[in-house]
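The block underneath contains the structure these notes are about, expressed in structure tokens.
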Ligand code: F6P
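In the numbering used here, the protein residues as written are 2 to 329.
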């Protein structure tokens, strides 16, 4: 059967993540390889509504594999949440004769794409791009590995000051709803305690653990805290709580913030982006729509996008236990 797809649009949406540029490059080059056209859509769904398009060929994506952020820009579009907004976007795609979309982003991006597909029967495929690693159907999302390494590097530096001054630091990392960054960066940097949104370990236990650290001869303590950790207290409130309840602790707070989202992608994220981009384009050409490209046990697999959106990623209970043992 003759391939119906002649032109593919690609966009990035939601929070940027390292590896998004590498994924756009991969999509553009896979299209060039298969002799089909590729169109970059600027500013996510916002740009789709406005028809902010630019043709991409193999050379338009030179030297971006190593760049953080997304050169197509990203946005969170309120208008695309409305039926009228989505109709405008559809009309723009029709005008530009775009036959299918590659959506690079997180669950918000995929939810928008799914609704768009249901309304207009428009072929879509997703590439998971978010530092949070909170999407089911893939072991890794683009940007997660880089963000972890950025966080670990920063915490290592904080440890130098913590141990030189015998201090306790609360370090806040990203993760409003999930603790993957906190748990893995915490274990990777040798944190004494890790607070995540999924489990409330209790404030009493935190105090006990800090006391124990001091009595067993530790010269510094680091508590890694996910933005949305379950104690309900932010890092500043945690500092106050410890200062009120434990004597003799010199406590500091460090919020890593958006520095975790930027920067040059790790080799792992670049390679994953290259693989996922090719898989996304080739799946569309094979007529496979409404999937997300995931990596499971280092093999690329297609996962139904509605399941990816509805699923809840879970924290690694074994790693939580390991973190306990490591901080003895
Ligand atoms: O989705 C990625 C993420 O980095 C979250 O971990 C964080 O809570 C959020 O984005 C911050 O988003 P914004 O850039 O809108 O402040």
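Even for Gly, the Cβ is constructed at its ideal location relative to N, Cα and C.
This one's a predicted model, so the numbers in the text were calculated from it and none came from an experiment.
- Per DSSP, reduced to three states, the secondary structure at residue 111 is helical.
- Approximately 17 Å separates the beta-carbon atoms of residue 52 and residue 13; this is outside 8 Å, ruling out the contact.
- Look at residue 157: its beta carbon is at least 7 Å from all of the heavy atoms in ligand 1.
- The beta carbon of residue 327 is closer than 8 Å to those of 188 and 191 in its chain, skipping five residues each way along the sequence.
- Using a C-beta cut-off of 8 Å, the region 261 to 275 makes no contact with the region 244 to 251, since fewer than three inter-stretch Cβ pairs fall below that distance.
- For residue 194, the closest C-alpha among the options 106, 66, 62 and 321 is that of 321.
- Counting C-beta atoms within 10 angstroms of its own C-beta, residue 162 has fewer than 16 neighbours from the protein chains shown and is therefore classed as exposed.
- Remark: the C-beta of residue 131 is in contact range of ligand 1, defined as less than 7 Å to any heavy atom.
- In this structure, the CA atom of residue 29 is about 9 Å from the CA atom of residue 282.
- Not one heavy atom of ligand 1 falls within 7 Å of the beta-carbon of residue 199.
- Put simply, the region 126 to 135 touches the region 165 to 184. At least three CB pairs are less than 8 Å apart.
- Not a single heavy atom of ligand 1 lies less than 7 Å from the C-beta of residue 51.
- At least one heavy atom of ligand 1 sits closer than 7 Å to the Cβ of residue 177.
- Under the DSSP assignment, residue 46 falls in the alpha helix (DSSP H) whose first and last residues are 45 to 51.
- Listed in chain order, the beta strand (DSSP E) elements of length 3 or more contained wholly in the region 209 to 255 are 222 to 227.
- The shortest C-alpha to C-alpha distance from residue 294 to any of 274, 312 and 311 is the one to 274.
- For residue 240, the CB stays at least 7 Å from every heavy atom of ligand 1.
- The beta carbon of residue 229 sits closer than 7 Å to those of 176, 177, 178 and 198, all from its chain and outside the five residues before and after it, given in chain order.
- Less than 8 Å divides the Cβ of residue 104 from the Cβ of residue 110.
- Taking the CA atoms as reference points, residue 60 sits about 50 Å from residue 165.
- Boundaries of the alpha helix (DSSP H) around residue 164: 145 to 165.
- Collapsing the DSSP output to three states places residue 302 in a strand.
- Out of 99, 121, 139 and 289, the CA that lies nearest to the CA of residue 108 is found in 139.
- Of the candidates 93, 260, 121 and 291, 260 places its Cα closest to the Cα of residue 153.
- In the same chain as residue 220, and ignoring 5 residues on each side of it, the C-beta atoms closer than 6 Å to its own belong to 164 and 167, in chain order.
- Inclusion of residue 102 and residue 16 in the CB contact set at 8 Å is not warranted, their separation being larger than that value.
- It is roughly 48 Å from the alpha-carbon of residue 121 to the alpha-carbon of residue 224.
- If you look at residue 173, you'll find it isn't in any alpha helix (DSSP H); it sits in the beta strand (DSSP E) that goes 169 to 174.
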